[in-house]
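Chemist: These protein sequence lines map, in sequence, to chains A and B. Mapping of the first sequence onto the working numbering: residues 39 to 380, in sequence order. Mapping of the second sequence onto the working numbering: residues 198 to 522, in sequence order.
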Amino acid sequence: MTSPVQTEGDRTSAVPDAAGPKDGSQEAKTPAGLSPGQLMWRRFRRDRTGVVSAFVVLFFFLVALAAPLIKMVYGKDPYTLYGQDSLDLLDEFNMPTGTFGGMSPDHWFGIEPNLGRDVFMQLVYGMRTSIYTALAATVLMVLVGVVIGLVGGYYGGKVDYWLGRLTDFLLGFPSQLFFIASMPVVVAAFVRPDEETPTALRAAAIIVVLSTLGWMGLSRLIRAATLSLREREFVEAAKIAGASPWRIIRKELLPNLVTPILVQATLLLPSTILSVAFLSFVGVGFVEPTPDWGRMFATGASIYEQDPAYMVFPGVAMVIFVVAFNLLGDSVRDAFDPKSGR
Amino acid sequence: MLQFLIRRTFGAILTLFLISAVTFFMFFAIPQDPALLACGKNCTPDALAVIHQNLGLDKPVPVQFWNFLVGIFAGRDFAVGHCSAPCFGVSFSNQQNVWDTIVDRFPLTLSLSVGGLIVFLIVGLGAGLIAAKNKGTAIDKVFSSASLVLTSMQIYFLGPVVLGLFVYSTGWLDKPSWVPIGESVSGWFMGLLIPWLVMSVIFTANYTRMSRSTMIEQLQEEHVRAARAKGMSSRYVFFRYAWRGSLIPIVTILGMDLGALFGGAMVTEITFGLPGIGRLARDSVIDKDLPLTMGVMIVSAAFILLFNLIVDAMYAVIDPRVRLS
Numbered sequence: 039m040t041s042p043v044q045t046e047g048d049r050t051s052a053v054p055d056a057a058g059p060k061d062g063s064q065e066a067k068t069p070a071g072l073s074p075g076q077l078m079w080r081r082f083r084r085d086r087t088g089v090v091s092a093f094v095v096l097f098f099f100l101v102a103l104a105a106p107l108i109k110m111v112y113g114k115d116p117y118t119l120y121g122q123d124s125l126d127l128l129d130e131f132n133m134p135t136g137t138f139g140g141m142s143p144d145h146w147f148g149i150e151p152n153l154g155r156d157v158f159m160q161l162v163y164g165m166r167t168s169i170y171t172a173l174a175a176t177v178l179m180v181l182v183g184v185v186i187g188l189v190g191g192y193y194g195g196k197v198d199y200w201l202g203r204l205t206d207f208l209l210g211f212p213s214q215l216f217f218i219a220s221m222p223v224v225v226a227a228f229v230r231p232d233e234e235t236p237t238a239l240r241a242a243a244i245i246v247v248l249s250t251l252g253w254m255g256l257s258r259l260i261r262a263a264t265l266s267l268r269e270r271e272f273v274e275a276a277k278i279a280g281a282s283p284w285r286i287i288r289k290e291l292l293p294n295l296v297t298p299i300l301v302q303a304t305l306l307l308p309s310t311i312l313s314v315a316f317l318s319f320v321g322v323g324f325v326e327p328t329p330d331w332g333r334m335f336a337t338g339a340s341i342y343e344q345d346p347a348y349m350v351f352p353g354v355a356m357v358i359f360v361v362a363f364n365l366l367g368d369s370v371r372d373a374f375d376p377k378s379g380r
Numbered sequence: 198m199l200q201f202l203i204r205r206t207f208g209a210i211l212t213l214f215l216i217s218a219v220t221f222f223m224f225f226a227i228p229q230d231p232a233l234l235a236c237g238k239n240c241t242p243d244a245l246a247v248i249h250q251n252l253g254l255d256k257p258v259p260v261q262f263w264n265f266l267v268g269i270f271a272g273r274d275f276a277v278g279h280c281s282a283p284c285f286g287v288s289f290s291n292q293q294n295v296w297d298t299i300v301d302r303f304p305l306t307l308s309l310s311v312g313g314l315i316v317f318l319i320v321g322l323g324a325g326l327i328a329a330k331n332k333g334t335a336i337d338k339v340f341s342s343a344s345l346v347l348t349s350m351q352i353y354f355l356g357p358v359v360l361g362l363f364v365y366s367t368g369w370l371d372k373p374s375w376v377p378i379g380e381s382v383s384g385w386f387m388g389l390l391i392p393w394l395v396m397s398v399i400f401t402a403n404y405t406r407m408s409r410s411t412m413i414e415q416l417q418e419e420h421v422r423a424a425r426a427k428g429m430s431s432r433y434v435f436f437r438y439a440w441r442g443s444l445i446p447i448v449t450i451l452g453m454d455l456g457a458l459f460g461g462a463m464v465t466e467i468t469f470g471l472p473g474i475g476r477l478a479r480d481s482v483i484d485k486d487l488p489l490t491m492g493v494m495i496v497s498a499a500f501i502l503l504f505n506l507i508v509d510a511m512y513a514v515i516d517p518r519v520r521l522s
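1) Compare the beta carbon distance of S282(A) and L178(A) with 8 Å and say whether it is the shorter of the two.
2) Between which two residues does the alpha helix (DSSP H) carrying V514(B) extend?
3) Mind checking the region 339-354 of chain B against chain A and listing, in chain order, the residues whose C-beta falls within less than 8 Å of any C-beta there?
4) Assuming V247(A) contacts S220(A) under a Cβ cut-off of 8 Å, what Cβ separation, rounded to an integer in Å, is found between them?
5) What does M494(B) reach in chain A if we use C-beta pairs closer than 8 Å?
6) List, from N- to C-terminal side, the beta strand (DSSP E) runs of 3 residues or more that fit wholly inside the region 371-418 of chain B.
7) In terms of residues, what are the limits of the alpha helix (DSSP H) holding L458(B)?
8) Does the distance from the CB of R166(A) to the CB of Y120(A) come in under 8 Å?
9) Starting from E326(A), find everything on chain C with Cβ-Cβ shorter than 7 Å and list it in chain order.
10) Within 8 Å (strictly less), CB to CB, does I216(B) reach chain A?
11) Measuring CA to CA, which of S374(B), L360(B) and W375(B) is closest to G523(B)?
12) By the 7 Å beta-carbon criterion, what residues does the region 354-369 of chain A contribute toward chain B?
13) What's the gap between the Cα of G367(A) and the Cα of S313(A)?
14) Just verifying my parser: in three-state terms, what is the DSSP assignment at I149(A)?
15) Which residues, in order along the region 321-348 of chain A, keep a beta-carbon less than 7 Å from a beta-carbon of chain B?
16) Locate the alpha helix (DSSP H) running through K330(B), then write down its first and last residues.
17) Please report the straight-line C-alpha distance between P116(A) and P143(A), rounded to a whole angstrom.
18) Compare the Cα-Cα distances from G191(A) to each of L291(A), I149(A) and F335(A) and report the closest residue.
19) Would you list the one or two residues that DSSP bridges to C284(B)?
20) Given this structure, state the Cα-to-Cα distance separating P134(A) from V157(A), to the nearest angstrom.
21) So for T206(B), helix, strand or coil by DSSP?
22) Can you list the alpha helix (DSSP H) stretches of 4 or more residues lying completely in the region 239-264 of chain A, in chain order?
23) For F207(A), which residues in chain B fall below 8 Å Cβ to Cβ?
24) Tell me the DSSP secondary structure of P259(B) in three-state form.
25) Quick one: which residues of the region 308-322 of chain A get their C-beta closer than 8 Å to a C-beta of chain B? List them in chain order.
26) If I measure Cβ to Cβ from T468(B) and keep anything under 6 Å in the same chain, skipping five residues before and after, which residues do I get?
27) Quick check on the DSSP output: what are the complete beta strand (DSSP E) runs of length 3 or more inside the region 304-347 of chain A, in order along the chain?
28) Please determine, among I299(A), A242(A) and R371(A), the residue with the shortest C-alpha to C-alpha distance to A172(A).
29) Below 8 Å between beta carbons: does that hold for P329(A) and Y112(A)?
30) I'd like to check one pair, I260(A) with G187(A): are the Cβ atoms closer than 8 Å?
31) Would you mind reading off the limits of the alpha helix (DSSP H) that contains R80(A)?
32) Just the C-alpha distance for N505(B) and W79(A), rounded to the nearest angstrom, thanks.
33) Comparing the C-beta of G286(B) with each C-beta of chain A, is any distance below 8 Å?
34) Once DSSP output is grouped into helix, strand and coil, what is the label at R273(B)?
35) Are any of the Cβ atoms in chain A nearer than 8 Å to that of M223(B)?
36) Between V448(B) and I474(B), which are expected to be in contact by the criterion C-beta below 8 Å, what is the C-beta distance as a whole number of angstroms?
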């Protein structure tokens, strides 16, 4: 299957030098063949849908990353109540005066009803909040999932049995309900009810709550893959050569698990972003004044009858983002494993 | 078959017990006084004392949990009065019986979930079958790309858009509202029509994709070809052979989606302002009404597990191999 990585594994275990160079130096191998990574990259580049959606996703990440820069160029920020400062932006019902949600050269995406903040900045910073939180949560999920899957799959026996039961149990949990029910509890564990919750703590709570119930799918997959890898000759060879379990996991198993981990991570991230948005929409995620993508929908839904334009930008942005991410996930999977086919 | 069901029921009860225990300990064993959490910002010592008394918080947590469990089966006596058989305690915010509140809100969520489920199964599987039958044609392509865009839709975005198009600007459909089915069947139906359609959209696409691909796979199987070679009508082969085989993976996905179905119902209720269990859960969390949150959590988990059990039974009916494993 993934022979070049395998040969690397065999080679490194045959010559046990613990302080070897940093792994991932794939060009140092058989000059004629291509590594699975190179093959994957080649297949991926040929998939036009995949490349386009990768650029779209990248664009969203760049916007999130460069939000302070965009703010500088654009000259507005997500907190100032522009509608309160200048009286002609909002009418007597606190709705934007201009056409289509008050769009103007000054406020590209219009003005938020009631508070009168800039919608464009709200969206850019809101995406930043959601994407950062979701990234951290996804990394945590992947870490936990990989560790538990590897440990269960590699050690087997009682350890595997109990980790498997834990996984099953958590899979049976009504997750969305658990998310909202546990948010205040996790926050309350650190902050007294009469105090203001710092945004960083809220983000940490969201990350912890989401990743508690987010790792099981990945861990099951990793466990199954580890089980089959464990029996392979190169692992046995490493064992006979006297490699420690830690070394075998790191040098023999992990390089062969990169594919499923990457594929799962690209599938996990968009759903995590939606979960973050869900929490904020429901009202237990990020609170004012932190700008957040999901909360824009809550605001939008409450004033939709009067100002439908407000919801268009966050909504369309989210649909494009999720479509692109889903297509990207499919393409990455196809590139890694051409047999799976759509 | 019976043995299989008994085993699954036992597993479900165990899971339910564990869920209750985890939630209970999570809520009542955190470093802070749960009563303080409920008491809020304007807490007086008197109010705190009342909550303490109501909850029996002076006892150790395992004893509290035991009392809570006993209360569910045998009822409990609180300072504010007796709370009969399925007793989940008394709400912090309005002193009402939690069970009564849940029973009151439950029909809406059940109507919403079951209706949404029926809509997305019919539409999703139907579209998938049509796409599979016309594989490679324009119909197939339209269905497949539509399903891709629709999976990426969110209830909280689609809901207001549909409201704007069909209610506010054209007036073709009724504004979503809750009319008990006992009062008026047509009112019930029209009030829930938009929520059903919007809620089912996010699920539909998944089932279209799934049923299309498994159906195409099944149609290439040997036994399907053999049946066709024997001269059976293609309709019979399509439904009795290929369709039945493709149901197995679909039922598996369905089993996993039931929890999400509840989550979907919750978002739908909040989006359209319908007073169901999902909104109750949200409101109770925001009000820090712990007994209510606990009650909603356990009752919903019980229902999700019950639905799972039904799916498992269906699974065993469709695929005889499952019963043996």
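Every residue gets a Cβ at the ideal spot worked out from N, C-alpha and C, and that includes glycine. Since the model is a prediction, treat every value here as computed from it, not as a measurement.
Modeler: In this structure, then:
1) no
2) L487 to I515
3) L345, V346, T348, S349, M350, Q351, Y353 and F354
4) The C-beta distance from V247(A) to S220(A) rounds to 5 Å, short enough to meet the 8 Å contact threshold.
5) P212, L215, F216 and A219
6) none
7) R441 to F469
8) no
9) The structure shown contains no chain C; the protein chains it does contain are A and B.
10) With 8 Å as the cut-off, I216(B) counts as an interface residue toward chain A.
11) In the structure displayed, chain B extends from 198 to 522; residue 523(B) sits before or after that span and is not available.
12) M356, V357, V360, V361 and N364
13) Here the alpha carbons of S313(A) and G367(A) stand approximately 18 Å from one another.
14) strand
15) G321, V322, F335, G338, A339, Y342, E343 and P346
16) V295 to K330
17) 17 Å
18) L291(A)
19) In the DSSP output, where bridge partners are listed per residue, C284(B) has none listed.
20) 11 Å
21) If DSSP states are grouped into helix, strand and coil, T206(B) belongs with the helices.
22) none
23) T212 and L215
24) helix
25) L312, A315, F316, F319, V320, G321 and V322
26) I352, Y353 and G356
27) none
28) Taking only the C-alpha atoms, the option nearest A172(A) is A242(A).
29) No, these two residues do not count as a Cβ contact at 8 Å.
30) yes
31) P74 to R84
32) Taking the straight line joining both Cα atoms gives about 41 Å.
33) no
34) Strand.
35) yes
36) The Cβ separation is near 25 Å, so there is no contact.
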